[in-house]
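Have a look at the structure below before the remarks.
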Ligand SMILES: [Zn+2]
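Residue numbers (the working numbering): 286 to 739.
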């Protein structure tokens with residue numbers, strides 16, 4: 286028999302009622318009903334008995350109020366050799382259903398039935414305890430129903446109702462500036478837009494309305510509109526100014542190649558018929574054939590370095606020329622070109638040579654005395670910066686280029702410059718909008734000298 290607190294309490298109540306009066310005719314009867322029904326887990330209060338006599342009454346019970354069922358309490362009174370027994374039936378019932386509760390709203394507005402994300406539910410029962418993981422979820426015609434039954438079959442149900450409709454309009458924002466200026470006669474560059482919708486992809490719905498006449502100076506509007514499946518729309522506009530812009534020259538330069546991404550860069554330059562400049566760094570397995578292609582396709586072959594090791598290149602003037610001559614001879618033997626167009630590793634304004642004070646002041650003078658032109662840059666693509674992306678490179682270049690001047694753009698085609706190769710077509714497309722003229726560097730080009738810092 287399971288002894289519970291409730292049984293102990295019962296025995297105490299019975300002990301208090303042990304009482305006799307000492308009469309000769311012994312009356313023994315139960316007080317209260319002979320059959321008592323109680324809820325599971327409630328207190329059983331013993332109504333007691335009446336016994337006329339000086340004898341103990343023995344009480345036996347298997348009552349367990351935690352478990353629904355039918356129990357008997359037996360009361361046995363002995364007087365001399367006589368025994369009298371009474372019984373009381375206790376029926377423990379569970380008629381209380383589990384408490385079922387939901388997290389979040391009971392009525393949801395959804396794009397479709399499948400877009401509902403469960404927000405949570407719980408079920409706890411007075412007898413069975415925690416039942417959350419036994420909740421049954423079923424689809425109904427108007428939503429979903431949560432059901433839980435306890436071990437006595439008491440059922441709790443709650444429903445969430447779904448209203449299938451999309452009342453939210455798509456969101457739309459411009460990529461690139463809200464006002465762009467293009468050159469008269471240029472080709473409009475489309476920066477595009479970002480769009481999203483709570484009920485799916487709306488990119489295919491994009492309608493662009495524009496009436497730009499690139500040959501007529503003026504202000505134009507481009508309107509972008511998107512529409513979701515429920516017909517909710519949104520739109521945004523961009524101002525396009527067509528102006529008589531002064532001539533913009535762009536020298537695209539690539540350092541530290543050739544390497545694997547150089548091929549795609551060369552393909553892009555060929556496609557757009559753009560001539561650029563490559564400042565060569567020696568890479569055993571990539572250099573030869575690619576340098577030959579660069580030269581054959583009309584790009585300028587510039588000298589960068591054989592080793593690119595700042596500590597040895599800038600150790601002395603002799604060391605610098607040892608490195609420069611190595612790459613110069615290599616290119617000459619390969620192509621027959623004796624290049625006099627150079628770019629210092631790190632640029633002329635580098636601080637990496639500070640271990641040898643004054644070396645850049647010396648070298649920037651001596652290279653010119655020897656007939657070289659050294660070229661720095663005035664637009665940096667940031668393609669060696671940590672975390673650079675195709676977009677960051679594109680933005681750095683188009684923001685760095687100034688209309689009406691000569692721009693020398695520093696990019697790289699050494700190892701790990703896929704982003705530079707990816708950004709290049711977009712840069713060239715954008716520069717068509719300002720009618721930029723591309724030139725390879727030559728001995729007649731501006732040299733874009735930066736301030737020597739050593
Ligand atoms: Zn370099």
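Beta carbons are placed, not taken as given, at the ideal position from N, Cα and C, and that holds for glycine.
With respect to the alpha helix (DSSP H) encompassing residue i, which residues constitute its N-terminal and C-terminal limits?
i           : result
residue 704 : 703 to 718
residue 575 : 572 to 581
residue 555 : 547 to 556
Please report the distance separating the alpha-carbon of residue i from that of residue j.
i           : j           : result
residue 307 : residue 410 : Its pLDDT being 40, under 50, residue 307 is placed unreliably by the model, and the measurement read from it follows with that caveat. One C-alpha to the other measures close to 50 angstroms.
residue 342 : residue 360 : 6 angstroms
residue 699 : residue 617 : 21 angstroms
residue 608 : residue 469 : 47 angstroms
residue 611 : residue 509 : 56 angstroms
residue 364 : residue 370 : 12 angstroms
residue 464 : residue 560 : 30 angstroms
residue 500 : residue 527 : 8 angstroms
residue 669 : residue 399 : 45 angstroms
residue 356 : residue 395 : 53 angstroms
residue 412 : residue 519 : 55 angstroms
residue 524 : residue 680 : 19 angstroms
residue 415 : residue 347 : 26 angstroms
residue 737 : residue 633 : 6 angstroms
residue 407 : residue 391 : 14 angstroms
residue 350 : residue 334 : 21 angstroms
residue 601 : residue 631 : 16 angstroms
residue 513 : residue 487 : 6 angstroms
Can you tell me whether residue i is helix, strand or coil according to DSSP?
i           : result
residue 650 : helix
residue 536 : strand
residue 732 : coil
residue 682 : helix
residue 569 : coil
residue 519 : strand
residue 326 : coil
residue 489 : helix
residue 419 : helix
residue 544 : coil
residue 617 : helix
residue 657 : coil
residue 440 : strand
residue 602 : helix
Kindly indicate the opening and closing residues of the beta strand (DSSP E) around residue i.
i           : result
residue 727 : Element bounds for residue 727: n/a, residue is neither H nor E.
residue 431 : 428 to 434
residue 473 : No beta strand (DSSP E) contains residue 473, which DSSP labels as neither H nor E.
residue 451 : No beta strand (DSSP E) holds residue 451; DSSP gives it neither H nor E.
residue 372 : 367 to 378
residue 343 : 342 to 346
residue 392 : 392 to 395
residue 407 : 406 to 410
residue 458 : 456 to 459
residue 505 : 503 to 512
Measure from the alpha carbon of residue i to the alpha carbon of each residue in the options, then state which is nearest.
i           : options            : result
residue 375 : 327, 398, 363, 418 : 327
residue 667 : 678, 658, 512, 484 : 678
residue 593 : 561, 637, 730, 530 : 637
residue 472 : 727, 729, 711, 730 : 711
residue 444 : 676, 438, 425, 320 : 425
residue 671 : 628, 574, 701, 478 : 701
residue 664 : 536, 547, 435      : 536
residue 715 : 418, 467, 383, 373 : 467
residue 691 : 708, 661, 676      : 661
residue 382 : 423, 438, 541      : 438
residue 441 : 420, 367, 447, 427 : 420
residue 322 : 352, 311, 340, 345 : 352
residue 585 : 599, 570, 551      : 551
residue 705 : 657, 511, 546      : 546
residue 393 : 532, 427, 362      : 427
Item to check | Residues whose Cβ lies closer than 6 angstroms to any heavy atom of ligand 1, in chain order | outcome: Here the residues close to ligand 1, judged by CB distance below 6 angstroms to any of its heavy atoms, are 540, 541, 589, 593, 630 in chain order.
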